[in-house]
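Asker: Residues 2 to 309, numbered by the working numbering, are exactly what the sequence shown covers, in order. Cβ coordinates follow ideal geometry from the N, Cα and C atoms, glycine included. The model shown is predicted, which means the values in this text are computed figures rather than measured ones. Structure in structure tokens, see below.
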Amino acid sequence: MSLASLAQTAICAVSHAHGLFLGFDLLDHAEAAAARCAIGELAARLDDWVLSVPAARNCWAIAVGSEAWLELVGTDAPRELQPFPHFEDARYPMPVTPHALFIHLRSERHDLCHQAGQLAQSILARQFVLADCTAGFRYLDSRDLTGFVDGTENPPPEERPEVALVDDDGAFNGGSYLHVQRYVHDLRNWERLPVAEQEGMVGRSKADDIEMDDAVKPAGAHIARVVIEEDGEELEIVRQSLPYGQPGAEQGLFFVSYCKTPRHFNLMLARMNARSEGEGDHLLRFSRAVSSAAYFAPPMALLRAWAG
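Structural data, given as structure tokens:
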């Protein structure tokens, strides 16, 4: 059995036109066994949703919060499960806003994401309360609202299971460590910058997405901060982010990353925002994190076991 066959479908899937990101908190009267059973039931119903409209390529993932795992699941936890990283010397605040449960829905149709979100809220309502919901969308040719292509550094589809899925932790093999952040862009001031200055902050050309040569790439360019090599190998994550927002209101990027270890994301974020790691990411001058959280997306077998 392949590693990918053990995993939830949204983790390694290629780009979709629409996404829905939902955060649920446990109700005060919630019982752990009943909550797990509800999660298992939802997983089964979402499998039906995937099959309902094959052309829409529906897929999903359910993840448990790092700080809720003990209460919800117990002491048997993924080996590297840990809270969202905190840096005492951070340049910019990144509020940590953990939820007990995170649900990631993906489809080629927004109405089907909405349908599955309604289903999740209904099934979980006796044990959880919906605390946050953000709809994302593909913008142009997979660009961020800053105008730059997003996700260029993603591994190709055939390599994603090796990057995203745990393979050495027994019953948790096929699971994935998930980090999410909602960024609000200061597009008004960003768009006032000359394109050449924007490109220096990203590290790529805006029109055709060509990476700058290392000799001219600024140390504070986003690419310079998040592309990390160890022993000749690049540390990778699978990004499944989408833009969100409305004209005249908050707009930005809902960042989502999956990896077989939290270490890769932690190192990238440190190089972006910790003073001890050097220059810092100049993009953070124009994009601020308003929420951040860490989760673990269990393998399908564990979700099915919770259904009882």
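(1) Helix, strand or coil for Phe266 per DSSP?
(2) Alpha carbon to alpha carbon, how far is Gly118 from Asp133? Give it in angstroms, no decimals.
(3) In terms of alpha-carbon separation, which member of Leu303, Tyr296, Pro300 and Met301 lies closest to Pro99?
(4) What does DSSP give as the partner residues of Cys260 in its beta bridges?
(5) Just how far apart, CA to CA, sit Leu82 and Asp169?
(6) For Phe22 and Phe255, which I take to be in contact (beta-carbon distance under 8 Å), what is that distance rounded to the nearest angstrom?
(7) How far does the alpha helix (DSSP H) with Ile124 in it reach, from first residue to last?
(8) Do Trp307 and Cys38 have their beta-carbon atoms positioned less than 8 Å apart in this structure?
(9) Where Asp214 and Trp50 are concerned, what is the direct C-alpha to C-alpha distance, given to the nearest angstrom?
(10) Any idea what DSSP makes of Pro94, helix, strand or coil?
(11) Who pairs with Asp26 in a beta bridge, going by DSSP?
(12) Note down the Cα distance separating Leu27 from Val130, rounded to an integer number of angstroms.
(13) Let's see if you can read the secondary structure: which residues bound the alpha helix (DSSP H) around Leu303?
(14) Using a Cβ-Cβ cutoff of less than 7 Å, which residues in the same chain neighbour Asp210 once the five nearest sequence positions on both sides are dropped?
(15) DSSP three-state call for Gly20: helix, strand or coil?
(16) What did DSSP end up calling Cys13 once you bin it into helix, strand or coil?
(17) Look at the alpha carbon of Ala56 and the alpha carbon of Glu159, and state the distance between them as a whole number of angstroms.
(18) Thinking C-alpha only, which one of Arg276, Ala34 and Arg183 is nearest Val291?
(19) What is the DSSP secondary structure of Leu102, reduced to helix, strand or coil?
Answerer: According to the data block:
(1) helix
(2) 11 Å
(3) Tyr296
(4) Tyr178
(5) 14 Å
(6) 6 Å
(7) His111 to Leu125
(8) yes
(9) 45 Å
(10) coil
(11) Val130
(12) 6 Å
(13) Met301 to Trp307
(14) Val150 and Thr153
(15) strand
(16) coil
(17) 21 Å
(18) Arg183
(19) strand
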